[in-house]
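All remarks here apply to the structure that follows.
Residue numbers (our numbering): 9 to 964.
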């Protein structure tokens, strides 16, 4: 393999560099071996192309190997059959055996094509089982004559048909009914895609699952698009079936839904549209006798103006108008016309268009998300569900982190990781990204909303509900009341009546945060005796979320204006459904092991800059979550430009894997040392030391000094300069200081200035203007882009050539120690490897004390850490630095300067409690780092020489 590297990867579109061959060989070996591997290659070294050519080549080789083995096996079997077979057997017997085998294979094939949906969509069918009275199936099996089909209807219980759609079907728990599920589940027949009447014969068919599938995931949308762009350069673009997945927000083409803007609201609206049905009249045979009789109330001598509809043993009371509607739909031959369900979204009404969408993808080849969205617009069908339908037949699935790493998302998409290859790119912060997906949060306003609507629903339908539903709804009320009490710090629950009172309760109490273990939280609220597993099963199977939300929406519509306060503001905070889902997620989090996470209780008062009080579950361990992926997949590859320190990742995600069993590979950069100039800048043009620590960075002198530095850099650095600040707040503070002092005006005389916007949707516009200012600089000498560490620009935007001739890192972007969630992670990581105790250390703050978001208290906790906690905090900072400065140098002929502006980059590590920042820089930067300069004059001289040299080199 050492000598045949280039021949081994013929799909590589160019002559690969030696480090690219090394990387591809390392990846190929990792796939042969299986298990977990970490492969590090600096940004700009062709990492993506190397991954594609190595991983997909391995898949092709493996398939060819499997086919060869099957042919040999088949030949051996034929040889054995030929030796043992009897020549005396008549031909018809031999043919019968062959035909029988063929029939078995044919049946298996048909089962794969037509029988897959029964299990896959059974849960969905159950969720959708609550339909209009006359649109349900009427097979005998659908209405068994037993206790399970009864609805508890008492003497004085009367419900209009209009409200009947919100009434829950009877529910029995395991000990009552034998199975913890709805008693009147309908038979799960063949599932058909939402279709119009003209296409009702079209059934959803799925192709056979492709074995040995590759899943490639990355953090951002732009990174996934870049992957597809690189894939198109190879022959695999024509040889592999590829599908790109994304969120509804990125894929949706329904303008009405897109206008909602928020991802959560778009998801909810999409699902609501699928549940809403367009009424199309069709006929069905009535299998049960429908009896309409005048209904006399038992306590009245007069005949009530209601009629009783007896349908088997299920009774619903109809008004005269409802009876008239029913009779109008009654056909001449004992048939009732019913409505056939079709999707409420216009982009999903025609199955033929979805089929056309899939055919077009197969014809056009590899498409990224933008291409799929455009194709969906052209055809007039949903690209989100169109792309999902192609997962089964795909050889390569390109998808974002959330879709792969979240178990719920994998199950919803139907992703099968069994014996597949999982490649996770940009894995430098994988552990934190993974556990954050399992956080759960519910705000005070959401709790009030949900509690209020459940109370109203229960008050309306209490007498009509069976004992199972009543018990579980009362349990939900107990839980929401308990959660509200803890947020309002109100033991007696006196502030649970209205929104204004609740907000007043928050204002009356001191604002502070606290954290608790799960068991302590449950015991403190006296809800430890509630079976949350059964309650969650009830929420899932009973459809209560949609029943309560639907009824609440109806009441809100009917009483519009009555629930509006005097000042015109509504007490209804956000979507009922999203609040209910937040509650369900919170309850699910409380079923985790006690040591897996912590409960954050925040009693912050509402403000324009952030939310008010909330409960949040913070997941702390990713080991169990990640092990599910590792144990299913054949191989899991973690790739990135800066993966070190790898020991922290191993301890947090796969501690069961010994260090010597982890395959780690790292290569150097493709650019020569003279193409990069990393400088630790400790002093500014005025001679002041650069100290951007928390206590010094906001001083006017420090903000002025960094402005003077940029004034000087603008004269010596050509084209584009990207400056990274620690946060949007600090960037804004510095910019305003420059404007006041006149420094901004001085910089603008030499270069244009652009600022990273907070909204991701505005970034493309700013980058376009920035590029135009560099390409057409006259009369100025380029542009400066002010960006933020951890923002969109630092994570997924590449600044090659003139876009990034210099990267300036202002200070060390340590995360704020006032963040209680961060401190909980620090404490948890500090406890890793401590075999003497399984509990999270209390460090300097006792459990009885509350944490008020004080920075000094946070520093006190960090100083209390011995090693791991400090290392984690330092690593968070330096990973962010490395990710940001890696935006420059994108190819072998590129060149750039990297300025690390802070005295701490150059200071003596022996004087620091933490490890020296420069020790955590990438190897290719450390090797060229100028770590000490006496004054700014030396920096200016080195920069002048560097750019003059590289300009002359490129000219030659």
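Cβ atoms here follow ideal geometry from the backbone N, Cα and C, with glycine treated the same way. Note that the coordinates shown come from a computational prediction; the quantities given were computed from them, not determined experimentally.
Below 9 Å between beta carbons: does that hold for residue 869 and residue 906?
Numbered from 1 along the chain shown, position 861 holds the residue referred to as residue 869. Numbered from 1 along the chain shown, position 898 holds the residue referred to as residue 906. With contacts defined as CB atoms closer than 9 Å, residue 869 and residue 906 fail to qualify as a contacting pair.
Here's the rule: buried if 16 or more other CB atoms are within 10 angstroms of the residue's CB, otherwise exposed. What is residue 130?
The residue labelled residue 130 in the question sits at position 122 within the chain shown. Residue confidence for residue 130 is low, a pLDDT of 43 falling below 50, so the modelled location carries little weight; the figure read from the coordinates is stated next. Around the C-beta of residue 130, fewer than 16 other C-beta atoms lie within 10 Å, and the residue is accordingly described as exposed.
Taking 8 Å as the cut-off, does the region 38 to 51 touch the region 660 to 676 (at least 3 CB pairs, one atom from each stretch)?
Touching, yes.
Cβ-Cβ distance between residue 649 and residue 228 below 9 Å
The count along the chain shown starts at 1 and reaches residue 649 at position 641. The count along the chain shown starts at 1 and reaches residue 228 at position 220. No, these two residues do not count as a Cβ contact at 9 Å.
Report the three-state DSSP secondary structure of residue 948 (helix, strand or coil).
As a first step, residue 948 is located in the chain shown; it is residue number 940 there, counting from the start. Helix.
If we ignore side chains and look at the alpha-carbon of each, how far apart do residue 802 and residue 771 end up?
Within the chain shown, the letter at position 794 stands for residue 802. Within the chain shown, the letter at position 763 stands for residue 771. Going from the Cα of residue 802 to the Cα of residue 771 covers about 12 Å.
At least three beta-carbon pairs within less than 8 Å, the region 447 to 458 to the region 256 to 271
They do not touch, by the three-pair rule.
Residue 379, enclosing alpha helix (DSSP H) - first and last residue
Within the chain shown, residue 379 is the residue found at index 371, counting from 1. Boundaries of the alpha helix (DSSP H) around residue 379: 377 to 387.
Nearest-angstrom Cα distance between residue 834 and residue 652?
One-based indexing of the chain shown puts residue 834 at position 826. One-based indexing of the chain shown puts residue 652 at position 644. In a straight line, the C-alpha of residue 834 is about 18 Å away from that of residue 652.
Can you tell me whether DSSP reads residue 28 as helix, strand or coil?
For the purposes of this step, residue 28 is taken as residue 20 along the chain shown, with counting starting at 1. Residue 28 falls in the helix class under three-state DSSP.
Mind checking residue 773: buried by the 16 CB within 10 Å criterion, or exposed?
As a working mapping, residue 773 is identified with position 765 in the chain shown. Exposed, because fewer than 16 other Cβ atoms sit within 10 Å of the Cβ of residue 773.
Alpha helix (DSSP H) runs wholly inside the region 728 to 811, at least 4 long, in chain order:
Counting whole runs of 4 or more residues, the region 728 to 811 contains the alpha helix (DSSP H) stretches 736 to 749, 751 to 756, 771 to 783, 800 to 804.
Distance between residue 630 and residue 259 (C-alpha atoms, nearest Å)
Locating residue 259 in the chain shown gives position 251, where the first residue counts as 1. Locating residue 630 in the chain shown gives position 622, where the first residue counts as 1. Cα to Cα, residue 259 sits roughly 29 Å from residue 630.
What is the C-beta distance between residue 353 and residue 281, in whole angstroms, given that I count them as a contact (C-beta under 8 Å)?
Position 345 of the chain shown holds residue 353. Position 273 of the chain shown holds residue 281. So it is a contact: roughly 4 Å between Cβ atoms.
Going by other Cβ atoms of all chains shown within 10 Å of its Cβ, with 16 needed for buried, is residue 38 buried or exposed?
Here residue 38 refers to the residue found at position 30 when the chain shown is read from its first residue. The residue is buried, with at least 16 neighbouring Cβ atoms inside 10 Å.
Compare the C-alpha of residue 60 against each of 403, 379, 495, 700 and name the closest.
Numbered from 1 along the chain shown, position 52 holds the residue referred to as residue 60. Taking only the C-alpha atoms, the option nearest residue 60 is 403.
Span of the alpha helix (DSSP H), counted from its first residue to its last, around residue 719:
Reading the chain shown from its first residue, position 711 is the one you call residue 719. Here the alpha helix (DSSP H) through residue 719 covers 708 to 724.
Count the other CB atoms within 10 Å of the CB of residue 961; is the residue buried (16 or more) or exposed (fewer)?
Along the chain shown, read from residue 1 onward, the residue named residue 961 stands at position 953. Counting Cβ neighbours within 10 Å, residue 961 comes out exposed, since fewer than 16 surround it.
Relative to the alpha-carbon of residue 806, which residue among 712, 41, 728 has its alpha-carbon at the smallest distance?
As a working mapping, residue 806 is identified with position 798 in the chain shown. Relative to residue 806, the option among 712, 41, 728 whose CA is nearest is 728.
Quick one: is residue 790 buried, meaning 16 or more other Cβ sit within 10 Å of its Cβ, or exposed?
In the chain shown, the residue the question calls residue 790 occupies position 782. By the 10 Å Cβ count, residue 790 comes out buried.
Can you tell me whether residue 305 is buried or exposed, with buried defined as 16 or more other CB within 10 angstroms of its CB?
The sequence position of residue 305 within the chain shown is 297, counting from 1. Any answer about residue 305 is weak, because its pLDDT of 46 lies below 50 and its placement is not dependable; what the coordinates show is given next. Around the Cβ of residue 305, a 10 Å sphere holds fewer than 16 other Cβ atoms; the residue is exposed.
Between residue 70 and residue 715, what straight-line distance do the alpha-carbon atoms span, to the nearest angstrom?
Here residue 70 corresponds to residue number 62 of the chain shown, with the count starting at 1. Here residue 715 corresponds to residue number 707 of the chain shown, with the count starting at 1. A straight line joining the alpha-carbon of residue 70 with that of residue 715 spans about 58 Å.
Closest Cα partner of residue 407 within the set 433, 384, 382:
For the purposes of this step, residue 407 is taken as the residue at position 399 of the chain shown. Looking at the Cα atoms, 433 is the closest of the given residues.
If you drop the 5 nearest sequence neighbours on each side, which residues of the same chain put their C-beta closer than 7 Å to that of residue 786?
Position 778 of the chain shown, counted from the start, is the residue given in the question as residue 786. Around residue 786: no qualifying Cβ.
Which class does residue 629 belong to by DSSP, given the choice of helix, strand or coil?
Stepping through the chain shown from its first residue, residue 629 is reached at position 621. Three-state result, residue 629: coil.
Quick one: Cα of residue 256 to Cα of residue 740, how far?
For this step, residue 256 is matched to residue 248 along the chain shown. For this step, residue 740 is matched to residue 732 along the chain shown. As the crow flies, the alpha-carbon of residue 256 is around 33 Å from that of residue 740.
Using the rule of at least 16 other Cβ atoms within 10 Å of the residue's Cβ for burial, across every protein chain shown, is residue 420 buried or exposed?
For the purposes of this step, residue 420 is taken as residue 412 along the chain shown, with counting starting at 1. Counting of Cβ neighbours within 10 angstroms places residue 420 among the exposed residues, the total staying below 16.
Pairing CB atoms from the region 627 to 646 with CB atoms from the region 409 to 427, are three or more of them under 8 Å?
Below 8 Å, enough C-beta pairs join the region 627 to 646 and the region 409 to 427 to call them touching: three or more.
I need the straight-line Cα distance from residue 654 to residue 628, nearest angstrom please.
Within the chain shown, residue 654 is the residue found at index 646, counting from 1. Within the chain shown, residue 628 is the residue found at index 620, counting from 1. It is roughly 18 Å from the alpha-carbon of residue 654 to the alpha-carbon of residue 628.
Identify which residue in 668, 529, 873, 474 has its Cα closest to the Cα of residue 594.
Reading the chain shown from its first residue, position 586 is the one you call residue 594. Nearest in C-alpha terms to residue 594, of all of 668, 529, 873, 474, is 529.
If you follow the beta strand (DSSP E) that residue 46 is part of, which residue opens it and which one closes it?
Position 38 of the chain shown holds residue 46. Per DSSP, residue 46 belongs to the beta strand (DSSP E) from 43 to 48.
Determine whether the beta carbon atoms of residue 491 and residue 585 lie at a separation below 9 Å.
Residue 491 sits at position 483 when you count from the first residue of the chain shown. Residue 585 sits at position 577 when you count from the first residue of the chain shown. Not closer than 9 Å, so no.
Throw me the rounded Cβ distance for the residue 66 and residue 22 pair, which I believe falls under 8 Å.
Counted from its first residue, the chain shown places residue 66 at position 58. Counted from its first residue, the chain shown places residue 22 at position 14. In fact, because the Cβ distance is near 20 Å, the residues do not count as touching under 8 Å.
Is there contact here, the region 360 to 367 with the region 381 to 400, by at least three beta-carbon pairs under 8 Å?
With the rule of 3 Cβ pairs closer than 8 Å, the region 360 to 367 counts as touching the region 381 to 400.
Start and end residues, alpha helix (DSSP H) containing residue 18
Within the chain shown, the letter at position 10 stands for residue 18. Per DSSP, residue 18 lies in no alpha helix (DSSP H) segment and is marked neither H nor E.
Is the Cβ-Cβ distance between residue 890 and residue 825 less than 9 Å?
Here residue 890 refers to the residue found at position 882 when the chain shown is read from its first residue. Here residue 825 refers to the residue found at position 817 when the chain shown is read from its first residue. Cβ atoms of residue 890 and residue 825: not closer than 9 Å.
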